[in-house]
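>
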Amino acid sequence: MGFYLAQLLTGLANASSLFLIASGLSIIFGVTRIVNFAHGSFYMVGAYLAYSLVTWLDGGILGFWFSIVLAALLVGVIGLVVELIILRRIYHAPELFQLVATFGVVLIVQDATLAIWGAEDLLGPRAPGLDSAVRILGEPIPEYDLALIAIGPAVLLAIWLVFHRTRWGVLVRAATQDREMVGALGVNQAWLFSATFILGSFLAGLGGALQIPREAVSLQMDLSIIGEAFVVTVIGGMGSVSGAFIAAVLISVLNAFAILIFPQISIVLPFVVMAVVLIVRPYGIFGRPGSEHGGTEDPDQPLRLLSGKGAMMLAAAVMALALSPVFVADFTMILLVDVMVATLFAVSLHFMMGVGGMVSFGHAAYFGVGAYAAAMAVKLLGLGMIPAMLLAPFGAALAALFFGWFCVRLSGVYLAMLTLAAAQILWGVTFQWQDVTGGDDGILGVWPAAWASSDRVYFYIAFALCIGGIWALRRAAHSPFGYVLRGVRDSRIRAEAIGVDTRFHQWMGFTVAGAFAGLAGVVFAFSKGSVFPDALGIAQSIDGLIMVLLGGIHALAGPILGAAAFVLIEDWVTRLDYWRVIFGGIILVIVLLAPDGIAGGVNRLMRLLRRDAA
Amino acid sequence: MTLMRRTFLGAMTALPLALTAPAQAQETIVLGEVNSYTRLPAFTEPYKKGWQLAVEEINAAGGVLGKQLEVVSRDDTGDPATAIRIAEELISKEGAVLIFGTFLSNIGLAVADFAQQKQVLFLASEPLSDAIVWSKGNKYTYRLRPSTHMQAAMLAEEAAKLDAVKWATVAPNYAYGQDAVKAFKSELTKLRPDVEFVEEQWPPVFKIDAGSTVRALEAAKPDAIYNVTFGGDLAKFVREGSLRYLFEDRAVVSLLSGEPEYLQPLGDETPDGWIVTGYPPEQIDTESHKAFSAAYEAKFGELPKTGSIVGYNSVLAIAAALEKAGSTETDALLAAMEGLQVSDSPTGPFMFRAADHQSTMGAYVGKTALVDGMPTMVDWTYADGADYLPSEEEAAKLRPAE
Numbered sequence: 001m002g003f004y005l006a007q008l009l010t011g012l013a014n015a016s017s018l019f020l021i022a023s024g025l026s027i028i029f030g031v032t033r034i035v036n037f038a039h040g041s042f043y044m045v046g047a048y049l050a051y052s053l054v055t056w057l058d059g060g061i062l063g064f065w066f067s068i069v070l071a072a073l074l075v076g077v078i079g080l081v082v083e084l085i086i087l088r089r090i091y092h093a094p095e096l097f098q099l100v101a102t103f104g105v106v107l108i109v110q111d112a113t114l115a116i117w118g119a120e121d122l123l124g125p126r127a128p129g130l131d132s133a134v135r136i137l138g139e140p141i142p143e144y145d146l147a148l149i150a151i152g153p154a155v156l157l158a159i160w161l162v163f164h165r166t167r168w169g170v171l172v173r174a175a176t177q178d179r180e181m182v183g184a185l186g187v188n189q190a191w192l193f194s195a196t197f198i199l200g201s202f203l204a205g206l207g208g209a210l211q212i213p214r215e216a217v218s219l220q221m222d223l224s225i226i227g228e229a230f231v232v233t234v235i236g237g238m239g240s241v242s243g244a245f246i247a248a249v250l251i252s253v254l255n256a257f258a259i260l261i262f263p264q265i266s267i268v269l270p271f272v273v274m275a276v277v278l279i280v281r282p283y284g285i286f287g288r289p290g291s292e293h294g295g296t297e298d299p300d301q302p303l304r305l306l307s308g309k310g311a312m313m314l315a316a317a318v319m320a321l322a323l324s325p326v327f328v329a330d331f332t333m334i335l336l337v338d339v340m341v342a343t344l345f346a347v348s349l350h351f352m353m354g355v356g357g358m359v360s361f362g363h364a365a366y367f368g369v370g371a372y373a374a375a376m377a378v379k380l381l382g383l384g385m386i387p388a389m390l391l392a393p394f395g396a397a398l399a400a401l402f403f404g405w406f407c408v409r410l411s412g413v414y415l416a417m418l419t420l421a422a423a424q425i426l427w428g429v430t431f432q433w434q435d436v437t438g439g440d441d442g443i444l445g446v447w448p449a450a451w452a453s454s455d456r457v458y459f460y461i462a463f464a465l466c467i468g469g470i471w472a473l474r475r476a477a478h479s480p481f482g483y484v485l486r487g488v489r490d491s492r493i494r495a496e497a498i499g500v501d502t503r504f505h506q507w508m509g510f511t512v513a514g515a516f517a518g519l520a521g522v523v524f525a526f527s528k529g530s531v532f533p534d535a536l537g538i539a540q541s542i543d544g545l546i547m548v549l550l551g552g553i554h555a556l557a558g559p560i561l562g563a564a565a566f567v568l569i570e571d572w573v574t575r576l577d578y579w580r581v582i583f584g585g586i587i588l589v590i591v592l593l594a595p596d597g598i599a600g601g602v603n604r605l606m607r608l609l610r611r612d613a614a
Numbered sequence: 001m002t003l004m005r006r007t008f009l010g011a012m013t014a015l016p017l018a019l020t021a022p023a024q025a026q027e028t029i030v031l032g033e034v035n036s037y038t039r040l041p042a043f044t045e046p047y048k049k050g051w052q053l054a055v056e057e058i059n060a061a062g063g064v065l066g067k068q069l070e071v072v073s074r075d076d077t078g079d080p081a082t083a084i085r086i087a088e089e090l091i092s093k094e095g096a097v098l099i100f101g102t103f104l105s106n107i108g109l110a111v112a113d114f115a116q117q118k119q120v121l122f123l124a125s126e127p128l129s130d131a132i133v134w135s136k137g138n139k140y141t142y143r144l145r146p147s148t149h150m151q152a153a154m155l156a157e158e159a160a161k162l163d164a165v166k167w168a169t170v171a172p173n174y175a176y177g178q179d180a181v182k183a184f185k186s187e188l189t190k191l192r193p194d195v196e197f198v199e200e201q202w203p204p205v206f207k208i209d210a211g212s213t214v215r216a217l218e219a220a221k222p223d224a225i226y227n228v229t230f231g232g233d234l235a236k237f238v239r240e241g242s243l244r245y246l247f248e249d250r251a252v253v254s255l256l257s258g259e260p261e262y263l264q265p266l267g268d269e270t271p272d273g274w275i276v277t278g279y280p281p282e283q284i285d286t287e288s289h290k291a292f293s294a295a296y297e298a299k300f301g302e303l304p305k306t307g308s309i310v311g312y313n314s315v316l317a318i319a320a321a322l323e324k325a326g327s328t329e330t331d332a333l334l335a336a337m338e339g340l341q342v343s344d345s346p347t348g349p350f351m352f353r354a355a356d357h358q359s360t361m362g363a364y365v366g367k368t369a370l371v372d373g374m375p376t377m378v379d380w381t382y383a384d385g386a387d388y389l390p391s392e393e394e395a396a397k398l399r400p401a402e
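Residue numbers (full-length UniProt numbering), protein chains in the order written: chain S, 1 to 614; chain P, 1 to 402.
#1: Ordered along the chain, which non-local residues of its own chain (more than five positions away) have a Cβ less than 7 Å from that of S:Leu9?
#2: Taking 8 Å as the threshold (beta carbon to beta carbon), is S:Thr296 in contact with chain P?
#3: State the Cα-Cα distance for the pair P:Leu251 and P:Asp272, rounded to the nearest angstrom.
#4: Give me, in chain order, the residues of the same chain whose beta-carbon lies closer than 7 Å to that of S:Pro282; leave out the 5 immediate sequence neighbours on both sides.
#5: Do you know offhand how far P:Tyr140's Cα is from S:Thr430's?
#6: Counting contacts by CB-CB distance shorter than 8 Å, is S:Pro263 in contact with chain P?
#7: Give the DSSP bridge partners of P:Glu200, in chain order.
#8: In chain B, which residues lie with their C-beta within 8 Å of the C-beta of P:Ala219?
#9: Just the chain P side, please: which residues come within less than 9 Å of S:Gly439 by C-beta, in chain order?
#10: For a contact meaning CB atoms closer than 9 Å, what does S:Glu180 contact in chain P?
#11: In this structure, how does DSSP classify residue 437 of chain P when only helix, strand and coil are distinguished?
#12: Quick check on P:Asp75: buried or exposed, where buried means 16 or more other Cβ atoms within 10 Å of its Cβ?
#13: Three Cβ pairs or more, each shorter than 8 Å: is that satisfied between the stretch 197 to 209 of chain P and the stretch 152 to 162 of chain P?
#14: What residue does the beta strand (DSSP E) around S:Ile141 start on, and which one ends it?
#15: For my contact list, P:Gly101 and P:Gly307 are in at a C-beta cut-off of 8 Å; report their separation, rounded to the angstrom.
#16: Any beta carbon from chain S within less than 8 Å of P:Arg250's own beta carbon?
#17: Kindly identify the DSSP beta-bridge partner or partners of P:Asp75.
#18: Taking the runs of the beta strand (DSSP E) that are 3 residues or longer, which of them lie wholly in the stretch 543 to 569 of chain S?
#19: From P:Ala152 to S:Pro387, what does the alpha carbon distance come to, in whole angstroms?
#20: Write down the C-beta distance between P:Asp344 and P:Ser288 rounded to the nearest angstrom, noting that I regard them as a contact closer than 8 Å.
#21: Is S:Val381 buried or exposed, if buried means 16 or more other CB atoms sit within 10 Å of its CB?
#22: Hey, quick one: how far does the beta strand (DSSP E) through P:Asn313 stretch, first residue to last?
#23: Is the beta carbon of S:Ala399 sitting closer than 8 Å to the one on S:Gly514?
#24: Check whether the Cβ atoms of S:Gln506 and S:Met358 sit closer than 8 Å, and answer yes or no.
#25: Go ahead and pull the three-state DSSP assignment for P:Tyr245.
#26: Check whether the Cβ atoms of S:Phe367 and S:Phe345 lie closer than 8 Å to each other.
#27: Nearer than 7 Å: is that true of the beta carbon of S:Tyr483 relative to any heavy atom of the ligand SAM?
#28: Residues in the same chain with beta-carbon distance under 6 Å from S:Ala563, minus the five sequence neighbours each way, listed in chain order, please.
#29: Output the boundary residues of the alpha helix (DSSP H) element that contains S:Arg474.
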């Protein structure tokens with residue numbers, strides 16, 4: 001009995017930590033509709049600041065708690081700065097675009113933290129006065145865990161009081177439900193958003209600071225928490241603080257008991273729980289319909305067929321690429337293959353997001369399944385390169401068909417998070433199922449056939465498959481099927497009214513996008529010679545997302561420009577020390593100069609030039 | 001039309017020849033290096049300093065084969081695919097004669113496979129995975145650092161001397177952790193058939209739920225614990241474990257935890273008397289090590305860490321291979337690497353076994369302790385890697401046929 005109680009209390013203590021960071025994320029999303037990747041960075045900075053303050057003050061119980069609160073307040077100020085100088089300028093950008101900016105912030109914070117605090121993990125002191133364990137039913141329970149168990153609900157209560165007993169809190173809740181109406185009633189939105197951001201960042205910083213007595217402060221803290229924080233937020237329902245609390249308790253307590261029975265489960269447990277919750281309750285536990293989308297925006301301009309001049313320019317660019325092996329060194333061809341793979345991947349994601357209106361945070365799943373299907377066809381079935389290349393995209397299509405069926409039942413951020421859950425579950429299976437997938441040691445020796453092993457020949461294979469794939473997706477976007485997809489995206493109700501089976505079309509769109517992502521994965525697998533679970537990891541999904549959003553979601557050229565820019569800039573900056581700051585800085589500059597993405601920025605520039613010429 | 005196409009194709013094939021610059025006379029020997037500098041700076045920074053020092057010393061002494069060594073070093077961002085692209089660039093653009101480096105096992109494996117495909121020598125400096133030299137070993141890949149199997153075997157030898165019969169293991173849930181537990185189990189069972197493994201915990205790497213893991217271990221009431229967690233996970237595990245009295249009256253055997261990279265962050269919470277593999281830089285008083293340590297401290301203002309030794313020894317081994325080969329051609333280098341002796345290094349002499357391409361560089365086995373408030377190792381001995389490897393015939397059988 002005592003044992004299970006102790007395990008429960010351990011789970012509850014973890015739940016408090018998780019709740020603090022998730023609640024901030026949820027509040028920020030609820031009001032500003034920003035998917036804030038930088039939230040994990042705020043958490044990490046909170047921990048580092050608290051470490052420095054606690055060790056510097058060294059002031060007993062009072063000094064410790066003062067340092068924790070001060071660290072959290074400082075993080076609140078950092079959040080305010082980020083909001084003021086970056087996010088405030090791009091609130092009117094297309095849905096989710098702000099996510100790119102927060103990604104830039106993540107990169108900058110990573111390098112800044114490394115520069116300030118160094119690479120080594122820092123183990124802070126235990127909490128004074130709470131530095132040992134008490135026996136409960138004979139089981140030792142750390143006193144600090146008990147403190148955390150109290151702090152979580154106390155913060156929840158404080159937030160509830162602020163939200164229900166102050167004018168500001170009422171406005172925040174109103175804005176979470178309908179921010180246009182709040183704006184129309186004359187509330188100063190800029191001020192409301194800033195205050196929300198301060199509160200959210202403060203909570204992230206507090207969550208990080210409170211971790212000091214439990215774990216070493218390290219540079220991995222930001223990325224290791226952000227996934228779970230999103231999961232908790234989504235399970236609870238975006239924008240719902242009490243939902244986040246219940247979700248945090250659910251995940252943490254389940255994990256505490258699950259590892260007793262099946263220790264390996266920890267890798268995927270949160271994502272499995274999220275998938276189940278979303279399938280049963282499409283808006284999370286306490287979410288409301290309407291909480292899934294970003295702010296309203298101008299409807300998309302209809303896609304136009306290329307003008308004569310545009311078609312000629314495009315043909316010239318493709319020709320130049322086709323002839324590039326004549327002019328460039330071997331190595332550059334390798335880089336160009338990477339660019340083409342990334343471009344096809346981004347275009348397939350754009351087909352889903354831009355054309356189909358389904359945001360995906362887990363598109364790498366289908367890229368990875370394609371890559372693994374090719375590798376396994378070669379290694380397990382003994383197929384040659386060409387049959388493997390033809391077969392593998394169908395593997396990706398099948399995976400997309402399966403997961404797509406669940407995903408298209410949701411919309412907006414919830415759909416995106418279910419795709420993430422699907423990707424993470426697939427990743428977990430790949431990672432764990434060593435006998436078949438090789439686990440994290442991957443599958444080696446997936447090289448092109450002998451006749452295709454020269455860089456030049458493989459370049460043309462990649463060229464044919466990638467450019468062909470991009471062309472096919474472009475064609476599909478302009479086909480009747482593409483029209484229907486866009487119609488469903490812009491108005492599901494009207495599409496249904498004219499007799500379109502909206503879900504079926506979205507499902508098929510999802511599958512097509514998955515198949516072409518798989519094709520990109522196939523080309524990738526043979527160009528690298530080996531496949532690892534990273535191919536379907538979160539980082540790969542995020543990269544694709546950034547490429548699409550950075551390029552501009554409203555134009556078919558967007559993902560192409562975004563992918564090329566992303567790969568080439570990354571290849572260039574990683575040669576430099578502290579390249580993450582530079583890369584993050586470049587992203588922020590692009591974001592601020594072109595809130596409609598690179599394609600939008602280029603378009604505006606062209607219009608400007610044309611007008612001047614006229 | 002046909003004629004035109006022929007002419008055009010002909011021109012196309014001729015062009016690359018025209019554009020190829022004449023090979024330049026080499027004043028330096030370029031070594032390609034790739035590692036996870038931004039992903040894992042805590043381990044790769046000391047490593048980088050180590051090879052920088054070695055290159056500087058060798059060049060000051062006149063270089064190798066009458067030429068200066070030049071290392072072109074790149075960050076793989078922690079991604080195997082990026083590492084492959086960089087390796088390609090190092091070979092084809094920078095003119096590197098070989099590649100060394102990598103920390104993460106999957107990146108080590110990816111680059112090893114690349115080396116085989118492109119027929120270029122790869123010295124895997126840091127990755128611990130047994131697969132690199134055994135199940136997925138290849139002709140072009142050698143590995144310097146004592147492997148997971150070797151370090152686990154060193155610990156199993158010490159563990160066998162304990163009275164403990166019931167063992168529990170805790171290891172990060174990926175190939176390294178799995179290999180480390182498997183090797184320890186098999187080596188310990190060989191020495192002590194009476195031991196019994198009563199509990200296994202597999203927390204995700206860098207995401208340990210330490211409280212629950214500690215509770216689960218405690219529930220099995222083992223006599224001793226074998227730990228493979230490291231870095232931030234280790235700190236959490238140590239803190240939660242000592243808070244909950246997990247380590248009271250229990251022996252703990254812990255892989256790599258004596259390495260300064262992992263031990264120093266524990267500060268005054270360093271557990272007392274854990275049996276570990278590691279490296280106590282301030283205590284080793286061989287001539288070679290003192291010279292190395294002094295030069296390192298003078299240059300960087302800090303004591304060397306395990307990574308520093310690995311980086312330093314990597315370049316020593318490469319220089320020895322180049323001298324022995326008398327050339328920078330891959331075939332000559334491969335021939336030189338077989339059985340290559342490195343007669344003097346800070347950790348003593350070591351060699352590369354011809355049968356499985358593993359070096360015999362060893363590790364230090366001892367106990368953790370706080371001495372004058374500083375975490376360190378006591379009662380340590382140097383375990384020569386050669387003693388913890390299967391015989392060359394057995395090892396050759398572990399490798400795929402060539």
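Cβ atoms here follow ideal geometry from the backbone N, Cα and C, with glycine treated the same way.
These numbers come from a predicted model, not from an experiment.
Let's see:
#1: The sequence position of residue 9 of chain S within the first sequence is 9, counting from 1. Excluding residues up to 5 positions away in sequence, Ile141, Asp145 and Ile149 lie with their Cβ nearer than 7 Å to the Cβ of S:Leu9 in the same chain.
#2: Within the first sequence, residue 296 of chain S is the residue found at index 296, counting from 1. Note on S:Thr296: pLDDT 47, under 50, position unreliable in the model; the coordinate value appears next. No, S:Thr296 does not count as interfacial toward chain P.
#3: Along the second sequence, one-based indexing puts residue 251 of chain P at 251. Along the second sequence, one-based indexing puts residue 272 of chain P at 272. The sequence given here has Ala at residue 251 of chain P, not Leu. Approximately 10 Å between the Cα atoms of the pair.
#4: By one-based count along the first sequence, residue 282 of chain S stands at place 282. For S:Pro282, where only same-chain residues beyond five positions count, the Cβ hits under 7 Å are Arg409, Leu410 and Tyr414.
#5: Residue numbering aside, residue 140 of chain P sits at position 140 when the second sequence is read from its first letter. Residue numbering aside, residue 430 of chain S sits at position 430 when the first sequence is read from its first letter. Those two C-alpha atoms are separated by around 28 Å.
#6: Walking along the first sequence from the start, residue 263 of chain S turns up at place 263. Cβ-Cβ to chain P under 8 Å: yes for S:Pro263.
#7: Locating residue 200 of chain P in the second sequence gives position 200, where the first residue counts as 1. In the DSSP assignment, the residues bridged to P:Glu200 are P:Thr169.
#8: Given the protein chain composition of this structure (S and P), no chain B is represented.
#9: Looking up residue 439 of chain S in the first sequence gives position 439. Per Cβ cutoff of 9 Å: Tyr174, Ala175 and Gln178.
#10: Within the first sequence, numbered from 1, the residue matching residue 180 of chain S stands at position 180. None at all; the shortest Cβ gap to chain P is about 40 Å.
#11: Limits of chain P in this structure are 1 at one end and 402 at the other, which puts residue 437 of chain P out of reach.
#12: For the purposes of this step, residue 75 of chain P is identified with residue 75 of the second sequence, where counting begins at 1. It counts as buried.
#13: As far as the Cβ criterion goes, the stretch 197 to 209 of chain P does not touch the stretch 152 to 162 of chain P, which means the pair count is below three.
#14: As a working mapping, residue 141 of chain S is identified with position 141 in the first sequence. DSSP places S:Ile141 in the uninterrupted beta strand (DSSP E) bounded by Glu139 to Pro142.
#15: Mapped onto the second sequence, residue 101 of chain P falls at position 101. Mapped onto the second sequence, residue 307 of chain P falls at position 307. Not confirmed; about 11 Å, so no contact.
#16: The residue you call residue 250 of chain P lines up with position 250 of the second sequence. Judged by the 8 Å Cβ criterion, P:Arg250 is not in contact with chain S.
#17: Within the second sequence, numbered from 1, the residue matching residue 75 of chain P stands at position 75. DSSP output for P:Asp75 lists P:Asn35 as bridge partner(s).
#18: Contiguous beta strand (DSSP E) elements confined to the stretch 543 to 569 of chain S do not occur, taking only those with 3 or more residues.
#19: Residue mapping note: residue 152 of chain P aligns to position 152 of the second sequence, counting from 1. Residue mapping note: residue 387 of chain S aligns to position 387 of the first sequence, counting from 1. Taken atom to atom, the span from the alpha-carbon of P:Ala152 to that of S:Pro387 is near 43 Å.
#20: Indexing the second sequence from 1 puts residue 344 of chain P at position 344. Indexing the second sequence from 1 puts residue 288 of chain P at position 288. So it is a contact: roughly 6 Å between Cβ atoms.
#21: Within the first sequence, the letter at position 381 stands for residue 381 of chain S. Contrary to the premise, residue 381 of chain S reads as Leu rather than Val in this sequence. Per the 10 Å Cβ criterion, exposed.
#22: Start at 1 with the first residue of the second sequence, and residue 313 of chain P comes out as number 313. According to the DSSP assignment, P:Asn313 belongs to no beta strand (DSSP E) but to the alpha helix (DSSP H) extending over Thr306 to Ala325.
#23: Working through the first sequence from its first residue, we reach residue 399 of chain S at position 399. Working through the first sequence from its first residue, we reach residue 514 of chain S at position 514. Annotated as proximal: S:Ala399 and S:Gly514, with beta-carbon spacing under 8 Å.
#24: Residue mapping note: residue 506 of chain S aligns to position 506 of the first sequence, counting from 1. Residue mapping note: residue 358 of chain S aligns to position 358 of the first sequence, counting from 1. Inclusion of S:Gln506 and S:Met358 in the CB contact set at 8 Å is warranted, their separation being smaller than that value.
#25: The residue labelled residue 245 of chain P in the question sits at position 245 within the second sequence. Looking at P:Tyr245 - three-state DSSP - the assignment turns out to be coil, as it is neither helix nor strand.
#26: What you label residue 367 of chain S is simply residue 367 of the first sequence in a count that begins at 1. What you label residue 345 of chain S is simply residue 345 of the first sequence in a count that begins at 1. Contact flag set, yes.
#27: The ligand SAM is not part of the structure shown, which contains no ligands of any sort.
#28: Taking the first sequence and counting its residues from 1, one reaches residue 563 of chain S at position 563. Cβ within range, chain order: Ala342, Thr343, Ala346 and Met547.
#29: As a first step, residue 474 of chain S must be located in the first sequence, where it is residue number 474. Asp455 to His478 is the span of the alpha helix (DSSP H), which, as asked, contains S:Arg474.
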